[in-house]
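See below for the structure under consideration.
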DNA sequence: TCAGCGATTAACT
DNA sequence: GTTAATCGCTGAA
């Protein structure tokens, strides 16, 4: 297992990074307990040119400022007043691209994640949504702006390469307000995820 | 200060 | 597939 170095995220091709992260393992160390799993679903947000992005049009506010930093840090924000969503900031400085982690399949620290989410059984539903996986991993606004090569939040490459037909590509979820950009094919899902969903 | 809102979820059909 | 619930935070004043 190899922790992905922050330099990996400093590439300007955010679509490539979003696809590459499928099949890698996302981990967090909160309360001194490691929890995590394999990344099954991601979305690319293409900075200033993407109407679905918080940084569309070069918008800079205290919330979006973090996205203008050098790639390899986290962007965590609250959605609907209830759910924290985890992004990986990518690209170089002043290019506010980001990858939203939408789903993982939990593999480590299952008991702790069940406890955090008030669930009894472990299946794909434990962490199959962006708001759910942050809750399971114990992430919140305090984890905004953290480097992805530290020991709090990181992603590991375990030699599993997902490409070609193993990636389902489609439009992003919940961004209808983004007009024509809502249709862009920036959502990537592990094909294997379809089989996981069929096993209760 | 405070109105308005949302990169969702759960619980439906 | 559809839709209602929900509330802390952002951002403009």
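Numbering (our numbering), first residue to last: 47 to 246.
Glycine included, every Cβ here is placed at the ideal spot set by N, Cα and C.
Buried versus exposed call for residue i [16 or more other C-beta atoms within 10 Å across all chains shown]
i: residue 77; result: exposed
i: residue 106; result: exposed
i: residue 220; result: exposed
i: residue 96; result: buried
i: residue 108; result: exposed
i: residue 178; result: buried
i: residue 128; result: exposed
i: residue 133; result: buried
i: residue 142; result: buried
i: residue 146; result: buried
i: residue 48; result: exposed
Coarse secondary structure for residue i, derived from DSSP in three states
i: residue 208; result: coil
i: residue 133; result: strand
i: residue 91; result: strand
i: residue 49; result: strand
i: residue 3; result: An answer regarding residue 3 cannot be provided, because it is not within the stretch 47 to 246 covered by the chain.
i: residue 103; result: helix
i: residue 98; result: coil
i: residue 185; result: coil
For residue i, the residue or residues it bridges with in DSSP
i: residue 71; result: 84, 202
i: residue 195; result: 200
i: residue 233; result: 89, 216
Beta strand (DSSP E) segment containing residue i, residue limits
i: residue 238; result: That residue, residue 238, is in no beta strand (DSSP E); its alpha helix (DSSP H) goes 238-244.
i: residue 214; result: 213-216
Bounding residues of the alpha helix (DSSP H) (the contiguous stretch that carries residue i)
i: residue 63; result: 60-66
Report task. May I have a chain-ordered list of the alpha helix (DSSP H) segments no shorter than 4 residues that lie completely inside the segment 120-180? Result -> With a minimum length of 4 residues, the continuous alpha helix (DSSP H) runs that stay inside the segment 120-180 are 156-163.
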